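Protein chains: 2
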Amino acid sequence: MNTSDQRLVKGARARATIARHAADVASVEGLTGLSLGRLAADLGLSKSGVATLFGTKENLQLAAVQSARDVFIEHVVKPAFAEPGGMPRLKGFVDNWFAYIEEPVLAGGCFRVATTVEFDSRTGPVRDAVDADRRDWFALLEKEIRRAQGQGHLETRDAHTVAFALDAIVAAANTGARMGDQSAIPTARAIVDGLLA
Amino acid sequence: MNTSDQRLVKGARARATIARHAADVASVEGLTGLSLGRLAADLGLSKSGVATLFGTKENLQLAAVQSARDVFIEHVVKPAFAEPGGMPRLKGFVDNWFAYIEEPVLAGGCFRVATTVEFDSRTGPVRDAVDADRRDWFALLEKEIRRAQGQGHLETRDAHTVAFALDAIVAAANTGARMGDQSAIPTARAIVDGLLA
DNA sequence: AAACAGGACGAACGATCGTGCGTATTGTTG
DNA sequence: CAACAATACGCACGATCGTTCGTCCTGTTT
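Protein chains in written order, with our numbering: chain A, 1 to 197; chain B, 1001 to 1197.
See the structure below:
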């Protein structure tokens, strides 16, 4: 590895560190609540240094969305690919998702729930990025649901409907739990178990 | 009615007008996105005039929560009380709620969905007010679910679980529809019909 | 060795924010 | 009539925001 790579990596790693922290902050304060100064202070950097790396606040928001997406894939999606496709992997998604909500990796819980609701009435690139992430997640869910149907499960139900219901219940579990409802996650687990039975 | 009442009414009506517009704005931009200057400009008032009526931004946020709550009661809860208690009234809630989401009264759709997610990781009086509104709504739902159970419906299910599922599905319908998913509301309707059958 | 590019910084900008002060207005109450 | 409380306003404040500019440092390329 030559020193050129090290320098490039240094910049890229600074970006990744900031974006990751931005995802953390945004999961609590929202993507709109992000500020360059706050992030710089948290990480011991200068405001203009952060601004140099991302150019605009919008770029920082987009980087936060991407970083949170990576975290979700790492903790929820990837481990489930150890399971065979279809119902086992689908249950892996759900189990990992519940774990991701119960022991939050990001300070504010599920980033997608927070930012989707925050941007569902807006326009622009950030909303589009949030929307794309949401679509990808639904597509992933529906794909495994259809595989499960090919294996003889859930045959009476429409795949999109099952995905919609799963997403709705887990999202509500995230919000309910964060609002202090101790029964939210067990209740949601029971409902999801019934859905997948 | 004497002139004293008129004056008092005038102040109260100004508050109500501002709070109602604040609920409208907050349904899109969030309660944190509210600003005294923005509201004043929208309504042709001075920023300090608005500040005088509410004192602090936090009071304005609390007034917005209360106003949005009133709107929800007016459009969703009250009309359903024309139906007899139990299953008919429960279905009234759901039908009115779907209508409230499909043809939004507030610009950003369901205020409770937006603000609950926005404040679910925070502390303070605004979060407490949002939480109280959420609890009240769940209590209202569960009360009619239990009545319906007394009438022979939904007997195999826990009342809290049914309320949780109903809230989750309709909330997801609100978010999905606002994200451009045309199938969100029909899909949610089908799921809810299945839940209440 | 010289020219270059990217990272990081301090400083400053215009804008907007919430808030407080002083004041004029208005209708009520002593 | 005088004292009063509630609006409503203009104005200014300190703070924070995103963004831009100039500069220094460092490692790469010619």
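Just so it is clear, CB atoms sit at the ideal spot from N, CA and C, and this is done for glycine as well.
Being a predicted model, the structure only gives us computed values, none of them experimental.
Using a Cβ-Cβ distance under 7 Å, would R1189 (chain B) count as near chain A?
So, not an interface residue.
Kindly indicate the opening and closing residues of the alpha helix (DSSP H) around V1076 (chain B).
Counting along the chain, V1076 (chain B) sits inside no alpha helix (DSSP H), nor does DSSP assign it H or E at all.
Member of A:R178, A:E118, A:T161, A:T52 whose CA lies at the smallest distance from the CA of A107 (chain A)
Measuring from the Cα of A107 (chain A), the nearest candidate turns out to be A:R178.
Have a look at A:G85, A:R15, A:P79 and flag the residue whose alpha-carbon is nearest the alpha-carbon of E144 (chain A).
Of the candidates A:G85, A:R15, A:P79, the one whose C-alpha sits nearest the C-alpha of E144 (chain A) is A:G85.
Does any CB atom of chain A fall closer than 7 Å to the CB of I1169 (chain B)?
It does; some Cβ of chain A falls within 7 Å.
Cβ of A1139 (chain B) versus every heavy atom of the ligand PLP: is any distance shorter than 6 Å?
Among the components modelled here there is no ligand, and therefore nothing to report on the ligand PLP.
Beta-carbon neighbours of H160 (chain A), restricted to chain B and to distances below 9 Å
For H160 (chain A), the C-beta contacts it makes with chain B under 9 Å involve S1183, T1187, in order along the chain.
For P125 (chain A) and chain B, any beta-carbon pair shorter than 7 Å?
For P125 (chain A), no Cβ of chain B is located within less than 7 Å of the residue's own Cβ.
For a contact defined as C-beta to C-beta under 7 Å, what are the partners of M1179 (chain B) on chain A?
Neighbours of M1179 (chain B) on chain A, chain order: T116, D120, D131, R134.
The alpha helix (DSSP H) that contains M1087 (chain B), what's its start and end?
Its alpha helix (DSSP H) spans residues 1087 to 1102.
Reference R1122 (chain B); option with closest CA among A:A22, A:R20, A:G30:
Of the listed residues, the one whose Cα sits closest to R1122 (chain B) is A:G30.
Amino acids of chain B, ordered along the chain, whose beta-carbon sits closer than 8 Å to that of G37 (chain A):
Among the residues of chain B, none has a CB under 8 Å from the CB of G37 (chain A); the nearest is roughly 17 Å distant.
Report the residue from A:D167, A:D42, A:Q149 whose alpha carbon sits nearest the alpha carbon of M87 (chain A).
The residue among A:D167, A:D42, A:Q149 with its C-alpha nearest the C-alpha of M87 (chain A) is A:Q149.
Assigned exposure category for F81 (chain A) - 16 Cβ within 10 Å defines buried
Exposed is the call here.
So, are the CB atoms of A129 (chain A) and V65 (chain A) less than 7 Å apart?
Yes.
Chain A within 7 Å of G1108 (chain B), Cβ atoms only
Cβ-Cβ to chain A under 7 Å: yes for G1108 (chain B).
According to DSSP, is R7 (chain A) helix, strand or coil?
With a pLDDT of 43 at R7 (chain A), under the threshold of 50, the modelled position of that residue is not reliable, and the figure given next carries that caveat. Helix.
Would you check if the distance between the CB atom of L36 (chain A) and the CB atom of A22 (chain A) is smaller than 7 Å?
Not closer than 7 Å, so no.
With distances taken Cα to Cα, identify the nearest neighbour of G33 (chain A) among A:S48, A:E58, A:R13, A:G49.
Of the candidates A:S48, A:E58, A:R13, A:G49, the one whose C-alpha sits nearest the C-alpha of G33 (chain A) is A:E58.
Along the alpha helix (DSSP H) that carries L60 (chain A), what are the first and last residues, could you check?
Where L60 (chain A) is concerned, the enclosing alpha helix (DSSP H) stretches over 57 to 72.
For a contact meaning CB atoms closer than 9 Å, what does T1032 (chain B) contact in chain A?
Residues of chain A passing the Cβ test: E29, G30, T32, G33.
Is any beta-carbon of chain B found at less than 7 Å from that of A172 (chain A)?
Yes, its Cβ sits closer than 7 Å to a Cβ of chain B.
Endpoints, alpha helix (DSSP H) assigned at R1112 (chain B):
It spans 1111 to 1119 - the alpha helix (DSSP H) in which R1112 (chain B) sits, taken as one unbroken run.
Does any residue of chain A bring its CB to less than 7 Å from the CB of F1081 (chain B)?
False, the Cβ-Cβ gap to chain A never drops below 7 Å.
Note down, in chain order, each residue of its chain lying with its Cβ closer than 7 Å to the Cβ of D193 (chain A), except the 5 sequence neighbours on either side.
Sequence-distant partners of D193 (chain A) (beyond 5 residues in either direction) whose C-beta falls short of 7 Å from its own C-beta are missing from its chain.
Starting from F72 (chain A), find everything on chain B with Cβ-Cβ shorter than 7 Å and list it in chain order.
The premise fails here: F72 (chain A) is roughly 17 Å from chain B at the closest Cβ pair, so nothing lies under 7 Å.
Among A:E155, A:S46, A:D167, A:L43, nearest to A1172 (chain B) - alpha-carbon criterion:
The candidate whose alpha carbon is nearest that of A1172 (chain B) is A:D167.
Who are the neighbours of F164 (chain A) on chain B, taking C-beta pairs under 9 Å?
Neighbours of F164 (chain A) on chain B, chain order: I1169, A1172, A1173, G1176, D1181, S1183, A1184, T1187, A1188, I1191.
Rank B:I1101, B:R1015, B:R1020, B:F1093 by C-alpha distance to the C-alpha of P1186 (chain B) and give the top, closest one.
That would be B:I1101, whose Cα lies nearest to the Cα of P1186 (chain B).
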